Structures are given as structure tokens and as C-alpha cells.
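Participant:
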Amino acid sequence: MLSFARRVFLAFGLAAAAVLAAGAARAEGSPVHQLRIYEIFEENKQAFHERFRDHAARIMKRHGFDIVAMWEAKGEDGTEFVYLLAWPDEETMRARWTAFMADAEWAAIKRETGAVYGRLVGAIEDRVLRLTDYSPVPAETLEGAR
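Using mature numbering (1 follows the signal peptide of the UniProt record, and there is no 0), the letters of the sequence shown map in sequence onto residues -27 to -1, 1 to 119.
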């Protein structure tokens, strides 16, 4: 039979191992956010917004995209369209982007709007955001990580 001190030590050791294992699992399949920044052009900015609002966002939703928010910003070199996506994990993010980019309706809309308005998007910046271990975590993010 284990002494009380050894049982306490063993209990703390098992608890610490469980916390470490949960942290490792969370890091591997943890929720991520994706920040996308598009250079857009003043001369056809309205056409870009119409295409994104009326078509891209709808098709993205069909492919399981979770658009958190969208902004327009003035950068040093011009106007930017910025949006934030939430994903359950990076693997899902990659798979859904692949499906969206292969979507026949989206390809047709890009061709049609490009023929009328020219190029609507210039440079694209894409960043995957992972929570730090000391970041405040919204309750819904924790629920997704369990």
C-alpha cells in the first residue's frame, strides 16, 4: 500500500501529465484564426465589395467558412480589404480553401467580374493566427478545443 505522501505525489504527477497531454493535443488540433488582407483598387472597389458580399461570402459559407468580421482599411500603399476567419484546425482550413478555390460557380463569377471590371484584387496577405498559451481565450474557443 502506498503512503499518503506517495499517493498525493502520484495524484499531482498524473494531474500534471493530463494537463501537459491536453495542451499538446490542443496545440496539434487547436482552433486557429486566419487573417486575410487584400489589396483592392479605388477605381473598382465597389465591384470588389459587391462580388465579395454577394458571391464570395455566400460560397465560402457553403464550404464551411466562418467569417468573423470584415473591414476596409487604408494602408500605406492604398485601400485594403481585411477579414478574419475562424477554423476548428489548420487541416480543415486547408481542405475548405481547396474546395472553395475549385468551386465552379466561384471560378465563373471571377471570370465574369474580371471581364467587366478588370482585376479586383492585387496582393494578398494570408496569416494563420494561433493563440499563445497566455492569451485570454473566449469560452467558445475553449469549447471547440475540447
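No residue lacks a Cβ here, since even glycine has one placed at the ideal position from N, Cα and C. Just so it is clear, the structure is predicted and the values come from calculations on it, not from any experiment.
For Arg103 and Arg67, what's the separation of their Cα atoms in angstroms?
Facilitator: 15 Å
Participant: Comparing C-alpha positions only, which one of Tyr56, Trp70, Tyr90 sits nearest to Arg9?
Facilitator: Tyr56
Participant: Looking only at DSSP bridge pairs, what is Tyr90 linked to?
Facilitator: DSSP, once it has assigned bridges, lists no residue as partnering Tyr90.
Participant: Beta-carbon within less than 7 Å of Tyr90's beta-carbon, same chain only, minus the 5 sequence neighbours each way: which residues are those?
Facilitator: Around Tyr90, the same chain offers Asn17, Ala20 as residues with beta carbons nearer than 7 Å, after the five sequence neighbours per side are excluded.
Participant: So Phe54 packs on Glu45, CB below 8 Å; how close in whole Å?
Facilitator: 6 Å
Participant: Measuring straight from C-alpha to C-alpha, what distance separates Ser108 and Arg69?
Facilitator: 27 Å
Participant: Taking 9 Å as the cut-off, decide whether the C-beta atoms of Gly95 and Phe14 are in contact.
Facilitator: yes
Participant: Report the option in Gly51, Glu64, Gly87 whose CA atom is closest to the CA atom of Val101.
Facilitator: Minimum Cα distance to Val101 is reached at Glu64.
Participant: For the alpha helix (DSSP H) containing His22, list its first residue and its last residue.
Facilitator: His22 -> alpha helix (DSSP H) spans 18 to 24.
Participant: Under DSSP, the alpha helix (DSSP H) around Phe38 begins and ends at which residues?
Facilitator: It is not in any alpha helix (DSSP H) - Phe38 carries neither H nor E in the DSSP assignment.
Participant: Is any non-hydrogen atom of the ligand HEM found closer than 8 Å to the C-beta of Asp76, if you look at the structure I gave you?
Facilitator: This structure lacks the ligand HEM, and indeed carries no ligand of any kind.
Participant: According to the neighbour-count rule (16 or more other Cβ atoms, all chains shown, within 10 Å of its Cβ), is Met74 buried or exposed?
Facilitator: exposed
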